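Trainee: Dropping a structure here in structure tokens format, bear with me for questions.
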């Protein structure tokens, strides 16, 4: 069971003690990502994430790595559209080291101008790497198009143009405004003494400053519906279609998860079985929901020989139309519930996943569902809930498609809608 604490400066601490393990994972969550950026500083949240590993006034970048490696630990970070997370996983006996290194990175990073210049080039290479991966790129193109009226549509990595505008002063201004106690959460899962943990965190984070004037993006989402194409000299056609989904706050989130698994969320799903197993037209086809604090999407992806596009689109839209007209059976609902519950429980069998689950929920929602509550939410979904979600989500008049291929075959998609 998790516990919630709050320091005097507003920093929230969420803990889950798991006494039968020997490890601990500690994560620091900052509520800032590409959603909080503008066209001039797009990519800054991810850029700052990189820079925090480049040395502090107390440790060089090499010393950070050596001290973590020296105890067999792991340190990493990631940036999303809505948050940035820095975390360490190590043996419980080295808890103080995790608190010390992560606080040092947060409060004492140098942001050396030469290192910023060097890391900007690294991120340019990261952008090029994604640009050379059409499967990754088509998902980005879909989200950018469907959410183009919102900063949620901004790429997490930024663009070369925006990254070239980001210097040391811009970084320091952004961190000072957003990397603050009342905009952050520390989540901890593993084997630890609660009193010792809180004392260690308070000693390093207790004086972290606050900012009550954090600039917040507009929560109102206006989805954009269009068909977009990007030409690349590649062998396959990569195709995505997306519908507005459900936010993390929605009461229909778990019905959407079930619907997704039926459509294309697993190997036994309708699209995988029909398009790949029965017809052999694709190697990769799947669906997935992306849910944010105030928005969401449901997407379907397929990669295929360009000559197979017509047939693949026909089969996808036939399956979606069948689901739209006939819903799903009680048997499918029962099977998918068991699948979701199994996936969820197995996913909780590490301190890292539990740290992530409680940290993200607290940061974005201020509420954490226990494993028992999540299972109850899944079990409570009815056929009526699924029918309502289908009516709300699968609307061919409110749909965006994205394609990356040698030739623009957008018209081939439109004729199947």
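Residue numbers (the UniProt record's numbering): 1 to 417.
For each residue, glycine too, the CB sits at the ideal point set by N, CA and C.
All of these numbers come straight from a predicted model, not from anything done at the bench.
Mapping the DSSP letters down to three states, classify residue 228 as helix, strand or coil.
Mentor: Taking the first residue of the chain shown as position 1, residue 228 is located at position 228. Three-state DSSP puts residue 228 in a strand.
Trainee: Quick check on the DSSP output: what are the complete beta strand (DSSP E) runs of length 3 or more inside the stretch 28–84, in order along the chain?
Mentor: Counting whole runs of 3 or more residues, the stretch 28–84 contains the beta strand (DSSP E) stretches 74–79.
Trainee: Taking only three categories from DSSP, how would you classify residue 288?
Mentor: Translated into positions along the chain shown, residue 288 becomes position 288. Looking at residue 288 - three-state DSSP - the assignment turns out to be strand.
Trainee: Taking the continuous beta strand (DSSP E) assigned at residue 187, which residues delimit it?
Mentor: On the chain shown, position 187 is the one that residue 187 refers to. Note, residue 187: beta strand (DSSP E), 184–190.
Trainee: Can you find the residues in the same chain that come closer than 8 Å, C-beta to C-beta, to residue 420, ignoring five residues on each side of it along the sequence?
Mentor: The question about residue 420 has no answer, for the chain in this structure spans 1 to 417.
Trainee: With burial defined as no fewer than 16 other Cβ atoms inside 10 Å of the residue's Cβ, what is the status of residue 437: buried or exposed?
Mentor: It is not possible to answer for residue 437, since the shown part of the chain is limited to 1 through 417.
Trainee: Evaluate the contact criterion for the stretch 387–406 versus the stretch 250–263: three or more CB pairs, one atom per stretch, below 8 Å.
Mentor: Contact holds: three or more Cβ-Cβ distances are below 8 Å.
Trainee: Tell me, please, which residues DSSP counts as bridged to residue 414.
Mentor: As a position in the chain shown, residue 414 is number 414, starting the count at 1. For residue 414, which the question treats as bridged, DSSP gives no partner whatsoever.
Trainee: How is residue 261 classed by DSSP in three states: helix, strand or coil?
Mentor: Along the chain shown, read from residue 1 onward, the residue named residue 261 stands at position 261. It is helical.
Trainee: Could you give the DSSP three-state label for residue 394: helix, strand or coil?
Mentor: Within the chain shown, numbered from 1, the residue matching residue 394 stands at position 394. Residue 394 falls in the coil class under three-state DSSP.
Trainee: Assuming contact is defined by CB atoms lying nearer than 8 Å, are residue 352 and residue 25 in contact in what I supplied?
Mentor: The residue labelled residue 352 in the question sits at position 352 within the chain shown. The residue labelled residue 25 in the question sits at position 25 within the chain shown. Yes.
Trainee: Looking only at C-alpha atoms, which of 294, 147 and 336 sits nearest to residue 251?
Mentor: The residue given as residue 251 occupies position 251 in the chain shown. Residue 294 is the option with its Cα nearest to residue 251.
Trainee: From the DSSP output, in three-state form, read off residue 153 for me.
Mentor: Sequence index remark: in the chain shown, residue 153 carries index 153 (1-based). Reduced to three states, the DSSP call for residue 153 is helix.
Trainee: Drop a sphere of 10 angstroms on the beta-carbon of residue 39, count the other beta-carbons inside from all chains shown, and report buried for 16 or more, exposed for fewer.
Mentor: One-based indexing of the chain shown puts residue 39 at position 39. So residue 39 counts as exposed.
Trainee: Just mark residue 483 as buried or exposed, buried being the case when its beta carbon has 16 or more other beta carbons within 10 Å.
Mentor: The displayed coordinates of the chain run from 1 to 417. Any statement about residue 483 would go beyond what the structure contains.
Trainee: Assign residue 138 to one of two classes, buried (16 or more other C-beta atoms within 10 Å of its C-beta) or exposed (fewer than that).
Mentor: Sequence index remark: in the chain shown, residue 138 carries index 138 (1-based). By the 10 Å Cβ count, residue 138 comes out buried.
Trainee: In three-state DSSP terms, what is residue 381?
Mentor: If you number the chain shown from 1, residue 381 lands on position 381. Correct three-state label for residue 381: coil.
Trainee: Determine the DSSP secondary structure at residue 195, reduced to helix, strand or coil.
Mentor: On the chain shown, position 195 is the one that residue 195 refers to. Helix at residue 195.
Trainee: Touching or not, the stretch 183–195 and the stretch 16–30, by the rule of three or more beta carbon pairs under 8 Å?
Mentor: Contact holds: three or more Cβ-Cβ distances are below 8 Å.
Trainee: Keeping to the same chain, check which residues put their C-beta closer than 8 Å to that of residue 167; ignore five residues upstream and five downstream.
Mentor: Position 167 of the chain shown, counted from the first residue, corresponds to residue 167. Same-chain partners within the cutoff: 113 and 116.
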